[in-house]
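Protein chains in written order, with this note's numbering: chain A, 74 to 389; chain B, 74 to 389.
This is the structure in C-alpha cells:
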C-alpha cells in the first residue's frame, strides 16, 4: 500500500502516473482541502476535483482544472444576471459542486461524498480528503489575510506573501482513512507529490497529530520537487519562496520538509544540487520531473517507485 | 395601471400578449410562488421564471418552462454522479437558480432578486412574487400531503386530488408592491390569467388580507377561463376539477372565483355557457382563448383589454 499526499494540478499528474502503475486499491491519495471555498453558495474543492477528474480520465488537459470538453452556458447566463464570475465553473463540473453541496447540507461527510463520486466516475484508487472538517488556507499579505482562492484566482497571486494560516486546522480531525493508512503495517511508502508545499502539502501535515505520525513513520517518505531549474513547474511557488526569503530551489523545498523526508526526486536540471540535498540528510534521486504526456507521468511514477525501493532498505 | 395575477406556463402567454400591448411600467404581474420548492439545495421558482423568461423573450416555446436552446451538460453529469434527476434543469436556467439561492442565503428578498434579474434580462414590465415569504402548495391525496412539484412532475399528476393546502400562507405577507398596486388610484383593472385556480391563483388570493382587498376593489376584475371545451388548456386542471366533484367547465371556474369576478373571458367553443356564467353575476366575454403564436397572445390580450373597457363603466 502506498500513501500519497497531494494538492491539485501538479500533483495530480504524478498521481495519474502512479495509478497507472499500481494495482487498484493499493494507492490511497490524501488530498489537500485547505483551498476549498464557498462560491455562489456552492462548496468548491479544487484539489479533490482535479485529482478525481484526472483519475477518471475526465480532466481538462489544457487548464489542469475542470472537465475536458465542458460547456459554458451556466457562466454566460450567470454573467448576464450580474453574478460573480471570477471563478469559472463549467456546466458538467457544476454538477459536482451542486450535488456535493446538497449532500454536505444533508449532513453527509465530504469523505463519503468523495467516495461516492469516485465510484460513479469509475475511479479505482482511493481518493480521500485530508479531513472532513473545513480548513481555510489564508495568505498573509500587508497586514491582511486573504482567502487563498481569492489570492490565486481573483488577485492572480499578485499580493506579496508574508506567510500562511490554515484557519480551523487545530479543530480539524484528519480523515479516519488517512490515519488508518498511516498505521497500516502494509504501508510501503509515503509519497509527497510535486505540489506547492505551502498551500497543498503543509496544510495536510499541519493537521493535529499528522506531523508526529509522519515523524514516527515506519515506511520511507519521498517527495518530488515542485521546483525545477529555479522555477515552479506551475503556479506562484517560486514567487512565494522569494517573498519568504528563500531560494527557488529544491534545497529550499527539502528544508521546508525538514525532519520528514527520507528522499527527494529532483529534476535532471538540478543535478548540481545533489550534495546540498544530501547535506540535509535527504537522499537525492535524479529524474525527468516535467510531465506533459501520460508517458512522462508514468515514467516519473516509475522513478519514484524505484527510489522507494532504494530507500526501503532502511525500513523493511 | 393594470394588475395581473398569474401562475406559470398558461398565464405567461397572456402576460406576454398584454406586455406587447401596454406601455412599459403600466403592467404589474403578481406571480404565484406556492409551487416554489427546494431541489438539490437550490430554490426553484417555476412560475416566476416562466413569466420572467417569457417576457425576456427567452422562454422555451416547446416545453413552456426553461430557456430556449438551453444545453444539458449539468443534467448529464448529475446523472452520472447519481444525483436526483426527476426535475430537469438546463445549464443556462441553472444560473438563475444558483444565483437566486445564493442571494436568498445572503438575506436578499425574493422580490428584490426578481427585480434585479428582470433588469438584467431587459424585462420592462414589473414582475413580482406574490410574497417574499415561503408558501408551499400541498396536494391532499389518500390521507397524504404531497408537495406540488412532486405531485406534478415526479408523480405525473396521477394521485387523486382531495384538496389543497397552502402551507405557511397564514404567516406570508403579500409583497408590498402588490398591496401598493391594489390600492393605486390609477389601477384600471385586475386580470386573473388562464392559470390553474387551485395551484396558481388561489394561493395568491389566500394571502392574508388579499381576498378582502379584492372584494373591496375599485377596478374591475376579469378572469380568462383556463377550461376550454371541457378540457384544460394545459396541465391537470380538468382532472383536478373532476376529482373534486366539479365539471370541467368555465362555469366551475366562475364558481370557484365567486364574489371576486366582474367578468370572464371564455372561449368561443363555450359560447353556450354565456347564460350560466351571467347567472353567477359574472359578465361573459367570448374570444379565441387558445394561444400558440405571439399573434394569438396579443389578440387575446386585446380582447381582455376591450372587455375591461366594457366593465370599466361600473367603476369609473
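The beta-carbon is built from N, C-alpha and C at its ideal position, and this holds for glycine as well.
message: Here's a check: name, in chain order, each residue in its chain whose Cβ is nearer than 6 Å to the Cβ of residue 259 (chain A), leaving out the five neighbours to either side.
response: 74
field: Ordered list of beta strand (DSSP E) runs contained in the segment 162-246 of chain A, each at least 3 residues
entry: 199-202, 209-214, 217-220 and 236-240
- prompt: In the structure shown, what three-state DSSP assignment does residue 306 (chain B) receive?
  reply: coil
query: Going by other Cβ atoms of all chains shown within 10 Å of its Cβ, with 16 needed for buried, is residue 368 (chain B) buried or exposed?
result: exposed
Contiguous beta strand (DSSP E) assignments of at least 3 residues, all confined to the segment 253-290 of chain A: 262-265
query: What distance in whole Å lies between the Cβ atoms of residue 350 (chain B) and residue 337 (chain B), which are believed to be in contact at a cut-off of 8 Å?
result: 6 Å
field: Reduced DSSP secondary structure (H/G/I, E/B, other) of residue 358 (chain A)
entry: strand
query: Would DSSP call residue 160 (chain B) helix, strand or coil?
result: coil
query: Hey, quick one: how far does the beta strand (DSSP E) through residue 154 (chain A) stretch, first residue to last?
result: Segment: none, residue 154 (chain A) is in no beta strand (DSSP E) and carries neither H nor E.
message: Since residue 147 (chain B) and residue 147 (chain A) should fall inside the 8 Å C-beta cutoff, what is the C-beta to C-beta distance between them, to a whole number of angstroms?
response: 7 Å
message: Counting C-beta neighbours from all protein chains within 10 Å, is the total for residue 389 (chain B) 16 or more, i.e. buried, or is it exposed?
response: Note that residue 389 (chain B) scores a pLDDT of 43, beneath 50, so its modelled location is shaky and nothing firm can be said.
- prompt: residue 150 (chain B) versus chain A: which residues are under 8 Å apart at the beta carbon?
  reply: 140, 164, 165, 166, 167, 168 and 169
query: Rounded to a whole number of angstroms, what is the C-alpha to C-alpha distance between residue 373 (chain B) and residue 285 (chain B)?
result: 29 Å
Neighbouring residues, chain A, relative to residue 178 (chain B) (Cβ below 7 Å): 114
message: Cβ closer than 7 Å: which chain A residues qualify as neighbours of residue 130 (chain B)?
response: Going along chain A, no residue has its Cβ under 7 Å from residue 130 (chain B), so there is no contact; the nearest lies around 13 Å.
query: In the structure shown, what three-state DSSP assignment does residue 337 (chain B) receive?
result: strand
task: Using the DSSP secondary-structure output, state which residues sit across from residue 296 (chain A) in a beta bridge.
output: A:265 and A:337
query: Which full runs of the beta strand (DSSP E) of 3+ residues lie inside the segment 78-121 of chain A, going along the chain?
result: 100-104, 110-112 and 115-117
- request: Identify the contact partners of residue 190 (chain B) in chain A, using a Cβ-Cβ distance below 8 Å as the criterion.
  value: 154
message: Whether or not the segment 286-303 of chain A and the segment 223-241 of chain A are in contact is what I'm after, with contact meaning three or more pairs of Cβ atoms, one per stretch, closer than 8 Å; do they touch?
response: no
task: Could you name the residues of chain A that residue 271 (chain B) contacts, counting a contact when the two beta carbons are closer than 7 Å?
output: Under the 7 Å cutoff, chain A gives no residues; its nearest Cβ is about 30 Å from residue 271 (chain B).
query: Where does residue 385 (chain A) sit, in a helix, a strand or coil, going by DSSP?
result: helix
- prompt: Thinking C-alpha only, which one of A:151, A:120, A:230 and A:149 is nearest residue 138 (chain A)?
  reply: A:120
Touch test, the segment 181-193 of chain A against the segment 213-230 of chain A, Cβ-Cβ under 8 Å, three pairs minimum: no
message: For a cutoff of 9 Å on Cβ pairs, would you count residue 174 (chain A) as touching chain B?
response: yes
query: Just to confirm, are residue 95 (chain A) and residue 364 (chain A) a CB contact at a threshold of 9 Å?
result: no
field: Partner residues on chain A for residue 110 (chain B), Cβ-Cβ distance less than 8 Å
entry: Near residue 110 (chain B) there are no residues of chain A at all, since even the closest Cβ is about 14 Å away, more than 8 Å.
task: Return the residue from the list A:381, A:178 and A:204 that minimises the CA-CA distance to residue 249 (chain A).
output: A:204
- prompt: Relative to chain B, which residues along the segment 343-366 of chain A have a C-beta separation below 9 Å, given in chain order?
  reply: none
query: Based on the DSSP secondary-structure assignment, which residues constitute the bridge partners of residue 75 (chain B)?
result: B:100 and B:262
task: Compare the Cα-Cα distances from residue 229 (chain B) to each of B:215, B:105 and B:312 and report the closest residue.
output: B:312
query: By the criterion of Cβ-Cβ separation under 9 Å, what are the contact partners of residue 193 (chain A) in chain B?
result: 153, 154 and 155
field: For residue 314 (chain A), the residue or residues it bridges with in DSSP
entry: Paired residues: none, contrary to the question.
- request: Answer with yes or no whether the minimum CB distance from residue 220 (chain B) to chain A is below 9 Å.
  value: no
task: Compute the Euclidean distance between the alpha carbons of residue 356 (chain A) and residue 273 (chain A), then round it to the nearest angstrom.
output: 23 Å
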